[in-house]
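Reviewing the structure listed below.
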Amino acid sequence: MHDWVRQVVEIAKQVPGTPVKLLWSREEDMLHGRYHPVTQCKLRAGLDAQGNVTALHMRISGQSIVAGVFPQNIRNGLDPVVFQGLNPPGPEASIGYSFPNLLIDHAMRNPPVPPGFWRGVNLNQNAIYLESFIDEIAFATKQDPLALRRKLMAGHPKHLGVLNAVAERAGWGRPAPDVDGRKVYRGLAQTMGFGSYVAACAEVSVSDDGELKIHRIVAATDPGHAVNPQQIEAQVEGSFAYGLSAALFGECTLKDGRIEQENFSTYPVVQMQHMPKVETIVMPTGGFWGGVGEPTIAVAAPAVLNAIFAATGKRIRELPLKNHSLKRA
0 MHDWVRQVVE
10 IAKQVPGTPV
20 KLLWSREEDM
30 LHGRYHPVTQ
40 CKLRAGLDAQ
50 GNVTALHMRI
60 SGQSIVAGVF
70 PQNIRNGLDP
80 VVFQGLNPPG
90 PEASIGYSFP
100 NLLIDHAMRN
110 PPVPPGFWRG
120 VNLNQNAIYL
130 ESFIDEIAFA
140 TKQDPLALRR
150 KLMAGHPKHL
160 GVLNAVAERA
170 GWGRPAPDVD
180 GRKVYRGLAQ
190 TMGFGSYVAA
200 CAEVSVSDDG
210 ELKIHRIVAA
220 TDPGHAVNPQ
230 QIEAQVEGSF
240 AYGLSAALFG
250 ECTLKDGRIE
260 QENFSTYPVV
270 QMQHMPKVET
280 IVMPTGGFWG
290 GVGEPTIAVA
300 APAVLNAIFA
310 ATGKRIRELP
320 LKNHSLKRA
């Protein structure tokens, strides 16, 4: 896991009695580090005649971080960390919906690229899968995405609390005001991870030639207790810088067994021109202590993706967005 430790020990052995400090360059770190696991997901839903969800099946296929870093923690071929945000109700990373029938499984497929713990870990892609699919169900059954979520959240009051907070603050149900002559559309997402409940409403516009602009994100966080609300706001804003960087640009590719991206010139992150206004709602309900550094990252991409669909009718099912045209047909 820590290649640089072995490297510095080997160097130190060559110069006995001399303190050695080893620093990797960004290029060395990009080329020889560990990478967010690659996964994909197939989702199927059962619906009754009234459009109610009677069953949900999620099959996640792809890489296991635990198998690549702590293989001794794999039990019966299962990596429990794969299911972050999809677990039964509990204190750490649980699903916020109730389905009469639910099956979530994982077909583990481990390529030779070494996996690692990117901020937010598996909660990130799991929120994209589930929250995008909930919107797809809403569209297929002609239901409002917020109304459908509320219906499925019976028995999940804290999930519902943050979702309602962002919907109310953003003005869900009323048209978003135009910005610079561009029509603005909204998208929702929510999840629970690292002990905290989070939700986001993204407001975006897409020009006729496919230029995406993310104008505003309203985000709510219920971490149980808020010791320093200002610090929580800073963590939430930084989470969207991370999450939107991955959604818009984040991609590592291989050529001849070597990572092609070496620095910001080939692995860009969001700049000020890309960053939306972030409004943070800190709403601790007490009784538990959750984290604030990681959970909000997970709702960045699905909220934006759902807003893009509302704006264009295009359902993006593979990231990053830089590889897709949003131009209207």
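So the sequence shown is numbered by numbering that gives the first Met the number 0: it starts at 0 and just counts up by one.
Ideal placement from N, C-alpha and C gives every residue a C-beta, glycine not left out.
Just so you know, these numbers come straight off a predicted model, no measurement behind them.
Query - Simplified DSSP assignment, three categories, for Leu318 - result: coil
Requested in this report: For Gln189, write down the residues that DSSP places opposite it in a beta bridge.
Outcome: DSSP lists Ala198 as partners of Gln189.
Requested in this report: Tell me whether Leu211 sits in a helix, a strand or coil according to DSSP, three-state version.
Outcome: strand
Query - Three-state secondary structure (DSSP) of Ile127 - result: helix
Requested in this report: List the endpoints of the continuous beta strand (DSSP E) containing Gln39.
Outcome: Thr38 to Leu46 is the span of the beta strand (DSSP E), which, as asked, contains Gln39.
Requested in this report: Starting from Ile216, follow its DSSP beta bridges and name the residues at the other end.
Outcome: Ala201 and Val277
Query raised in the report: Counting Cβ pairs, one atom from each stretch, are 3 or more of them under 8 Å apart for the stretch 176-186 and the stretch 278-298?
Result: no
Report task. Would you list the one or two residues that DSSP bridges to Asp104? Result -> Asp104 is bridged to Arg58.
Requested in this report: Could you tell me whether the Cβ atoms of Ala199 and Val217 are closer together than 8 Å?
Outcome: Ala199 is a Cβ neighbour of Val217, given a cutoff of 8 Å.
**Report entry** Integer Cβ distance of Ala219 from Val165, believed to fall under 8 Å
**Finding:** 5 Å
Query raised in the report: Fully enclosed by the stretch 284-316, which alpha helix (DSSP H) runs are 4 residues long or longer?
Result: 296-311
Query raised in the report: Whose CA, out of Lys254, Glu135, Ala297 and Ser324, lies closest to the CA of Ile127?
Result: Looking at the Cα atoms, Ala297 is the closest of the given residues.
Report task. Please state if the CB of Ile307 and the CB of Leu211 are separated by a distance shorter than 8 Å. Result -> Taking C-beta atoms as the reference points, Leu211 and Ile307 count as a pair closer than 8 Å.
Requested in this report: Take the Cβ of Ala302 as the centre, count every other Cβ of all protein chains shown within 10 Å, and call the residue buried at 16 or more, exposed below.
Outcome: buried
Query raised in the report: The alpha helix (DSSP H) with Ser238 in it runs from where to where?
Result: Pro228 to Leu247
Query raised in the report: Rounded to whole angstroms, how far is the Cβ of Asp47 from the Cβ of Thr53, which I believe are closer than 8 Å?
Result: 5 Å
Requested in this report: Taking Leu22 as the reference, give the member of Phe287, Val203 and Val4 with the closest Cα.
Outcome: For the residues Phe287, Val203 and Val4, the minimum Cα distance to Leu22 belongs to Val4.
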